[in-house]
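Some notes on the structure that comes next.
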Amino acid sequence: MFFPSVYSEKPLLIILSCIIAYLIGSVSTGILISRFYHGPDLHTVGSGSTGATNVQRSMGWKYGLMTFFGDVAKGILACLIAELMTGDHLSCLVAGLFAVLGHNWPCFFGFKGGKGVATTGAVMLYCFPVPALICIALAVALIALIRYVSVGSMFFMCASALLISLTYHGPNALFVILWTIVMALLCIIRHHANIRRLISGTENRLGSKPKQ
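So that you can map any letter, position 22 of the sequence shown is 22 in the numbering used here, and since no number is skipped, the others follow by simple counting.
Following this line, the structure appears as structure tokens:
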């Protein structure tokens, strides 16, 4: 795969792929699983997020993993559709971003979603598999060590942005670097409450019950 000029000859297809990606991202896996299995309203329990971590804490590991893989599938599907529609690998980055925006602010669920970590990781894995795999391995090791999912998630995004920026030397390098920065900032912004809890010492560790 390659990155053609940012001035694509298929702007309408790219716009359409971004709309589709946003709609795919807006399908909140966590909410659907919670409703189907008669779980709680995710917006009112734990962190209020619809992502896998909050589902795991409020419903158990089985449902948390189902949510995680569903959110991963959204990112991959959005990128795959964009590339099939446009024949342009650069469009995967843009569509992936919109899938994350849909996950974070889903139009089908009152624009209240998750933090986009699983979906972002899937997009990174599709677009830059080697750097993403390295950073995923490091993030998993960090989470296993300190048991703070939020720290591992933010580490993954920042490490991915740095590693991709340092190793990518193809065309449109500036665009790719800016894209990684935006993706990392989105992750950090969505973790603002976690950052406050980390500072105050009230952040939940993996496998623990939510602190009251």
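Where a beta carbon is used, it is the ideal one built from N, C-alpha and C, also for glycine.
Since the structure is predicted, the reported quantities are computational estimates derived from the model, not experimental observations.
For the pair residue 80 and residue 94, the Cα-to-Cα distance works out to about 12 Å. A distance below 6 Å between beta-carbons, with the five flanking residues on each side excluded, links residue 107 to the following residues of its chain, in chain order: 26. For residue 103, the enclosing alpha helix (DSSP H) starts and ends at 90 to 104.
Between the region 137 to 155 and the region 66 to 74, the count of C-beta pairs closer than 8 Å stays below three; the two stretches do not touch. The three-state reading of DSSP puts residue 83 in helix, counting H, G and I together. In this chain, the alpha helix (DSSP H) harbouring residue 135 covers 129 to 146. It is roughly 7 Å from the alpha-carbon of residue 149 to the alpha-carbon of residue 205. Residue environment: residue 37 is assigned as exposed (fewer than 16 neighbouring CB atoms within 10 Å of its CB, all protein chains considered). The three-state reading of DSSP puts residue 170 in coil, since its state is none of H, G, I, E or B.
For residue 18, the enclosing alpha helix (DSSP H) starts and ends at 11 to 25.
Burial is judged here by how many other beta carbons sit within 10 angstroms of a residue's own beta carbon; residue 130 has fewer than 16 and is exposed. Between residue 112 and the set 57, 48, 132 and 122, the nearest pair of CA atoms involves 48. For the pair residue 123 and residue 76, the Cα-to-Cα distance works out to about 6 Å.
Annotation: the continuous alpha helix (DSSP H) that includes residue 198 extends over 192 to 200. The region 82 to 91 makes no contact with the region 59 to 69, as fewer than three CB pairs between them are under 8 Å. Counting only the Cα atoms, residue 171 lies some 45 Å from residue 45.
Within the model, the alpha-carbon separation for residue 197 versus residue 133 is close to 28 Å.
Taking the C-beta atoms as reference points, residue 10 is found no nearer than 7 Å to residue 51.
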